[in-house]
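Engineer: Going by full-length UniProt numbering, the sequence shown opens with residue 1, and the numbers climb by one from there. Think of the CB as a built atom: it goes at the ideal place given N, C-alpha and C, for glycine as much as any other residue.
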Amino acid sequence: MIIISVQAQKQKVILDCDLGDDIDDAYAVALMLASTDKFEILGITTCYGRTNDRAELACKILYETGLEQIPVAMGRNTSNIDERANWYAEQYYWSKGFNKVKPIKQSGADFIIEQLRKYPNEVILFSVGPVTNMKDIIEKDPQVLKLAKKVIAMFGSFYIGYNGSPTINPEWNVKVDIEASKKFVNSGANIVYAGLDITAFVKWDKMMQERLLYRQSPLTNALCGLKTLWSNTATPTLFDAVAIGMALYPDLFKTEKVFIEVDDKGYTRIDKTKTPNAEIGVSINTDEFLKRIMDIYLKQNLGR
Numbered sequence: 001m002i003i004i005s006v007q008a009q010k011q012k013v014i015l016d017c018d019l020g021d022d023i024d025d026a027y028a029v030a031l032m033l034a035s036t037d038k039f040e041i042l043g044i045t046t047c048y049g050r051t052n053d054r055a056e057l058a059c060k061i062l063y064e065t066g067l068e069q070i071p072v073a074m075g076r077n078t079s080n081i082d083e084r085a086n087w088y089a090e091q092y093y094w095s096k097g098f099n100k101v102k103p104i105k106q107s108g109a110d111f112i113i114e115q116l117r118k119y120p121n122e123v124i125l126f127s128v129g130p131v132t133n134m135k136d137i138i139e140k141d142p143q144v145l146k147l148a149k150k151v152i153a154m155f156g157s158f159y160i161g162y163n164g165s166p167t168i169n170p171e172w173n174v175k176v177d178i179e180a181s182k183k184f185v186n187s188g189a190n191i192v193y194a195g196l197d198i199t200a201f202v203k204w205d206k207m208m209q210e211r212l213l214y215r216q217s218p219l220t221n222a223l224c225g226l227k228t229l230w231s232n233t234a235t236p237t238l239f240d241a242v243a244i245g246m247a248l249y250p251d252l253f254k255t256e257k258v259f260i261e262v263d264d265k266g267y268t269r270i271d272k273t274k275t276p277n278a279e280i281g282v283s284i285n286t287d288e289f290l291k292r293i294m295d296i297y298l299k300q301n302l303g304r
């Protein structure tokens with residue numbers, strides 16, 4: 001009789017994120033952590049701006065949920081590029097001074113390279129921030145992103161812009177580092193894009209926020225605290241959580257294979273005369289997605 005362990009059946013994943021900026025990264029981290037029955041989380045890496053503060057935030061979330069064995073690696077700090085990148089975000093106060101768990105010494109790019117080399121064609125890499133680390137990876141090891149089973153990126157605006165506008169926009173993760181974005185889309189990796197076409201509609205309204213508040217678990221308390229620091233009134237759009245959802249719930253999405261490129265202004269352009277180099281999300285069952293992730297947030301029991 002052949003016995004297959006539960007661990008062996010889990011999907012290996014890495015999350016590269018700009019946690020602490022917009023609040024959607026926190027919801028993406030929480031969704032991934034609450035899905036450890038399906039995911040083997042190899043690590044979390046931080047990108048863009050104050051990557052050290054982002055890593056400190058990730059370490060505290062992992063500690064509070066009893067998952068501090070998951071390594072956190074800092075990407076290249078780019079806080080010196082402009083005032084916006086050096087912003088000390090309000091969410092950082094939630095973990096300011098936390099030192100019970102610290103990031104590993106290895107850089108974010110080197111960590112991802114090592115894991116993709118160690119587990120070729122087995123890892124889903126979630127990229128939900130500016131693709132600075134992706135650029136560093138490509139420059140260090142031009143072929144390694146092709147070893148990812150899949151890269152699912154919250155990146156781009158293909159047919160739809162912010163707030164469902166029929167006019168596309170230079171999406172934030174693209175325009176922050178246009179040079180890196182161009183390298184990323186031309187990397188030859190198997191990339192699936194969770195762009196504004198499927199993410200801009202996923203709103204976490206007041207009733208949903210209150211349900212999390214009343215749950216009173218370490219994970220939901222972290223989300224509620226971070227959301228309050230981010231804004232006490234605004235309704236979050238869960239852009240980044242959708243990228244995690246594409247791996248968890250492929251039945252809720254429709255995708256299209258197209259050729260995309262990034263222009264000098266940060267627009268992600270489709271050219272249907274060329275052979276596809278990407279897969280883009282074009283529709284999402286928003287109501288069912290929100291229902292499923294609420295169920296995961298409420299029924300998880302992570303803690304120390």
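1. Do you know offhand how far ASN190's Cα is from ARG304's?
2. Report the option in ASP264, LEU252, TYR249, THR268 whose CA atom is closest to the CA atom of VAL258.
3. Taking the alpha carbon of LEU116 as the reference point, which residue from ARG292, PHE253, ASP264, GLY43 has its own alpha carbon closest?
4. Just the Cα atoms here: how many angstroms apart are TYR193 and PHE126?
5. Excluding five sequence neighbours on each side, which residues of the same chain lie with their C-beta closer than 8 Å to the C-beta of GLY75?
6. Can residue 373 and ASP287 be called in contact, C-beta distance under 8 Å?
7. Relative to the C-alpha of ASP263, which residue among ILE152, LYS183, ILE81, SER35 is closest?
8. Would you call the stretch 142-157 and the stretch 91-103 touching, i.e. three or more CB-CB distances under 8 Å?
9. Which whole-angstrom value describes the C-beta separation of VAL13 and VAL123, a residue pair presumed to lie in contact below a C-beta threshold of 8 Å?
10. Would GLU279 pass as a contact of VAL185 if the rule is Cβ separation under 8 Å?
11. To the nearest whole angstrom, what separates the beta carbons of VAL174 and SER165, a pair I think is in contact under 8 Å?
12. Could you say which of GLN91, TYR63, ASP82 lies nearest to ASP18 if we only look at CA atoms?
13. Measure the Cβ-Cβ separation of VAL176 and LEU290 and say whether it is below 8 Å.
14. Would you decide whether GLY195 is buried or exposed? Buried here means 16 or more other CB atoms lie within 10 Å of its CB.
15. To the nearest angstrom, how far is the alpha carbon of GLY66 from that of ASP82?
16. Can you tell which of ASN80, ARG215, ASN285, GLY129 has the C-alpha that lies nearest to the C-alpha of residue 307?
17. Could you round the C-beta distance between LEU33 and ILE293 to whole angstroms and report it? I think they count as a contact, below 8 Å.
18. Near MET1, what residues of its chain come up, given a Cβ to Cβ distance below 6 Å and the 5 sequence neighbours on each side ignored?
19. Put VAL123 into one of helix, strand or coil per three-state DSSP.
20. Give the secondary structure of SER231 by DSSP, where H, G and I count as helix, E and B as strand, and everything else as coil.
21. Hey, would you say TYR27 sits closer than 8 Å to LEU229, going by beta carbons?
22. Roughly how many angstroms lie between the CA atoms of PRO103 and GLU40, to the nearest whole one?
23. In the DSSP assignment, the beta strand (DSSP E) including LYS257 goes from what residue to what residue?
24. Is LYS274 helix, strand or coil by DSSP?
25. What whole-angstrom Cβ distance do ASN163 and ALA200 have, given they're in contact under 8 Å?
26. What residue range does the beta strand (DSSP E) around MET74 cover?
Structural biologist: So, from the listed chains and residues:
1. 37 Å
2. THR268
3. GLY43
4. 10 Å
5. ASP16, THR45, THR46, CYS47, TYR48, THR51, SER107, GLY108, ALA109, THR132, ASN133, ASP136
6. Residue 373 is absent from the structure shown; the chain starts at 1 and stops at 304.
7. LYS183
8. no
9. 7 Å
10. no
11. Going by Cβ atoms, the distance from VAL174 to SER165 rounds to 16 Å, so no, they are not a contact pair.
12. GLN91
13. no
14. buried
15. 36 Å
16. Outside the modelled stretch of the chain, which goes from 1 to 304, sits residue 307, for which no answer is possible.
17. The Cβ separation is near 12 Å, so there is no contact.
18. Confidence is the limiting factor: at MET1 the pLDDT is only 46, short of 50, which leaves the residue's position unreliable and the question unanswerable from this model.
19. strand
20. coil
21. no
22. 19 Å
23. 253-258
24. coil
25. 6 Å
26. 72-74
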